[in-house]
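Data first, discussion second: the structure below is written as structure tokens.
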């Protein structure tokens, strides 16, 4: 018979999306899932081709960097990039005290085993010194970043293009899945060089009528304004208008913005309490979407999971706002992240290719690895695929002879490993798009799309 019950898994390596279709349909009509559109327009495709900075932004950045004449710019850029990537959260006071108590207990146990005839007060002083020495040696020393003009220029050379690429990719998720969304107002917390403004303008153009950039660093705000005015031409009209710079968040909890963002900002706050307070404050100011972006490291991912828990599990603490938060992306569920419960703990991150600034030491094309989280008080805007529970590929698809390995995070909060073969999943039900790919190319960027009908 032509009709049959089936479970359909869709996967797209280019966008790292997968779909689990729970519905009855004709196998012969599976191509109709795309409604006649080419495979690259599948509703699961959210990744983008190599991103380039807007021409006006790149021209302004090059002008500022060249006029600054920062010594050893290439070396400083490399050092700052490595430092920011390896940056960790500050150790919490409670954790530090627990480590001290545990270490002191071990040292006392060793001392008691030796049973040496030593004055107890002397022994206590020696143990205290050893505890302090060991804590100084092993504890991560977090210091806040303080940007002056020169360090701001180094940051521009190091992170402008990569930061733009990650934010632009995250915003594309909203643009693709909720095409009716046309924000008129934007609040960017920790705005830095204003990359969120440029990325938002690339997505929604002049629909944005008010963009408020908040950053405590005066020199960074000045650099961001200079980028909008094509470098050092102070009399020039800003390329993007209605952008306002502030050093503090708007006080009123009733003022809301259609789009609220914080890119690489939460990791710069000194403790979990301040991060939670910042997230709750940003949520109160969110009209439609709250977008958080961090480095694609374990630290960055865990910071975002802290924020996720603060909004999903602590609603009673959010005053002035009774709206429930829901996860728009990338998680297909609102349960605990399954990647945090497995050993070894690996971050949930994504990659975006981009063209860096044309400066010495920069390659022709680079990859930005980032983690992101999008929350909304509204009902999720689902793709045009009624009856679909979307899952997400959490690792590059591994292409092997006659089969591929897909690892997915599913809507039930579980990780699944699916091995796809033409023989097992029926040749007629396997669609491959542009499978003739050079083996030199990374699997992350294969234009490769499959729909698998697994018979129940």
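In my numbering, the protein residues as written are 9 to 464.
Beta carbons: idealized from backbone N, C-alpha and C, even for Gly.
- Annotation note: the region 202–235 contains the following uninterrupted beta strand (DSSP E) runs of length 3 or greater, listed N- to C-terminal: 218–222.
- Pairing residue 312 with residue 267 gives a Cβ-Cβ distance that is not under 8 Å.
- With respect to residue 199, residue 214 sits apart: the two C-beta atoms are not nearer than 8 Å.
- Under the three-state reduction of DSSP output, residue 272 falls in the coil class, being neither helix nor strand.
- Inter-residue distance for residue 231 and residue 334 is about 35 Å (C-alpha atoms, whole angstroms).
- Residue environment for residue 72: buried (at least 16 other C-beta atoms within 10 angstroms of its C-beta).
- Residue pairing by DSSP places residue 424 opposite 416 in a beta bridge.
- Put simply, of 316, 422 and 202 the residue whose alpha carbon is nearest the alpha carbon of residue 221 is 202.
- Taking residue 408 as reference, the option from 420, 75, 427 and 289 with the minimal CA-CA separation is 427.
- For the pair residue 282 and residue 414, the Cα-to-Cα distance works out to about 38 Å.
- Relative to residue 136, the option among 147, 149, 116 and 145 whose CA is nearest is 116.
- Here residue 309 is buried. Its C-beta has 16 or more other C-beta atoms within 10 Å.
- Counting along the chain, residue 110 sits inside the alpha helix (DSSP H) bounded by residues 101–122.
- Per DSSP, residue 192 lies in no beta strand (DSSP E) and is assigned neither H nor E.
- Judged by DSSP secondary structure, residue 174 falls within the alpha helix (DSSP H) whose first and last residues are 157–185.
- Each of 258, 340, 88 and 180 was checked against the Cα of residue 204, and the nearest Cα belongs to 180.
- By the neighbour-count criterion, in which a residue is buried when 16 or more other Cβ atoms sit within 10 angstroms of its Cβ, residue 100 is exposed.
- For residue 264, the closest alpha carbon among the candidates 122, 218 and 211 is that of 218.
- Of the residues 286, 142 and 174, the one whose Cα lies closest to the Cα of residue 197 is 286.
- Counting the other CB atoms within 10 Å of its CB gives residue 244 a total below 16, which places it among the exposed residues.
- Burial check for residue 208: the Cβ neighbour count within 10 Å reaches 16 or more, so the residue is buried.
- By the Cβ neighbour-count rule, residue 304 is buried, with 16 or more other Cβ atoms within 10 Å of its own.
- Of 186, 429 and 340, the smallest CA-CA separation from residue 399 is found for 340.
- By the Cβ neighbour-count rule, residue 278 is exposed, with fewer than 16 other Cβ atoms within 10 Å of its own.
- By DSSP's assignment, residue 265 forms a beta bridge with 294.
- With contacts defined as CB atoms closer than 8 Å, residue 169 and residue 362 qualify as a contacting pair.
- DSSP places residue 259 outside both helix and strand once states are collapsed to three, so it counts as coil.
- By the beta-carbon neighbour count (other beta carbons within 10 angstroms, threshold 16), residue 81 is buried.
- Rounded to the nearest angstrom, the gap between the Cα atoms of residue 401 and residue 53 is 12 Å.
- Contact check for residue 175 and residue 88: beta-carbon distance about 19 Å, past the 8 Å limit, so the pair fails to qualify.
- For residue 248, no alpha helix (DSSP H) run applies, since DSSP gives it neither H nor E.
- Bounds of any beta strand (DSSP E) do not take in residue 64; it lies within the alpha helix (DSSP H) bounded by 63–76.
- Between residue 173 and residue 376 a beta carbon distance of about 5 Å is seen, short of the 8 Å cut, so the two are scored as contacting.
- DSSP links residue 361 through a beta bridge to 375.
- The alpha-carbon of residue 190 is positioned some 7 Å away from that of residue 212.
- Judged by their CB atoms, residue 380 and residue 301 are nearer to each other than the 8 Å cut-off.
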